Structures are given as C-alpha cells and as structure tokens.
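Structure, as structure tokens:
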Amino acid sequence: MRDHHTFDAATARHFNRRPGGSRHHAYEDGHGNVCLWCQGRSPRGGAAVSLSALAWLRERDGGKFVRLTNPHGKLDEVLPLDELPEKEPREGSGGAYIFIDPEDLRGPDFVPVGDDVPF
10 MRDHHTFDAA
20 TARHFNRRPG
30 GSRHHAYEDG
40 HGNVCLWCQG
50 RSPRGGAAVS
60 LSALAWLRER
70 DGGKFVRLTN
80 PHGKLDEVLP
90 LDELPEKEPR
100 EGSGGAYIFI
110 DPEDLRGPDF
120 VPVGDDVPF
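When we follow the numbering used here, the leftmost residue of the sequence shown carries the number 10, and every step to the right adds one.
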C-alpha cells in the first residue's frame, strides 16, 4: 500500500485496543495508514500520549498519524506523527508519556502586546 498524506477515517477499522501496552486505540485506513487515537479527559483540554504507544506506532508500515481528542477543550486534531510536538516526558501510572496541550498545536489564543504597538 502507498502512503497518503492524510488519514482516511471513512475507511478506518479498529485493530488494536492497547498498542504498546497503552490505554490508546489504533486504527488502520484502507490505504494502510495507521492512526493512534489518544483520548484526553484533563480539564485543561489536552491529551496524554504514551511513549510506548509512540514507539509502537513508529514501527508500523505506511503513514503514521496521531489523533488527539478531549471534550473539555473541544480538541479533535489528527496530525502526522512527525508533526507531533516534542515535549518533555513525564512519568505516570501507565508509564512514560507526553502531554499535548491545545496551544501546543495552534499557539496561544492571544499574544501579549508590548508597549511599542501603535494601536
């Protein structure tokens, strides 16, 4: 199968309930691309991503994607694995992970304005 630049959710099927021993789910689309779905519940609106699941994903053939969701922050983003922000690892009850905040993906909502701005 050839790599695609997007994950085709319409043709996806669930095929791994705990990739890398994580709490995540993995899906494969009709083109052979794999998407790791990381569901967050943090009130901050972000999602934790297991490092063992990322290692598992890197070993897959085809395109590799990560879906980050959290209903609190209305987060629902699918991005290629190589566009996942690099963050400092943390240790948790489920092993090592990184935490992706919504602003890590699109920047802060408002940038502080300095004194030199003319308006």
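Virtual Cβ for every residue (Gly too), placed ideally from N, Cα, C.
All of these numbers come straight from a predicted model, not from anything done at the bench.
A straight-line Cα-Cα distance of about 25 angstroms links Arg69 and Gly55. When secondary structure is reduced to three states using DSSP, Gly39 falls in the coil class, being assigned neither helix nor strand.
About 6 angstroms separates the Cβ atoms of Val58 and Tyr106, confirming a contact at the 8 angstroms cut-off. Under the DSSP assignment, Leu114 falls in the alpha helix (DSSP H) whose first and last residues are 111–115.
With contacts defined by Cβ atoms closer than 8 angstroms, His33 and Cys47 form a contacting pair.
Taking a C-beta distance under 8 angstroms as the contact criterion, Pro52 and Lys73 do not qualify as a contact pair. Sequence-distant Cβ neighbours of Ala21 in its own chain, meaning closer than 6 angstroms and more than five residues away, are Tyr36, Asp38. By the 16-neighbour rule on beta-carbons within 10 angstroms, Asp85 is exposed.
If you draw a straight line from the Cα of Lys83 to the Cα of Glu95, it comes to about 22 angstroms.
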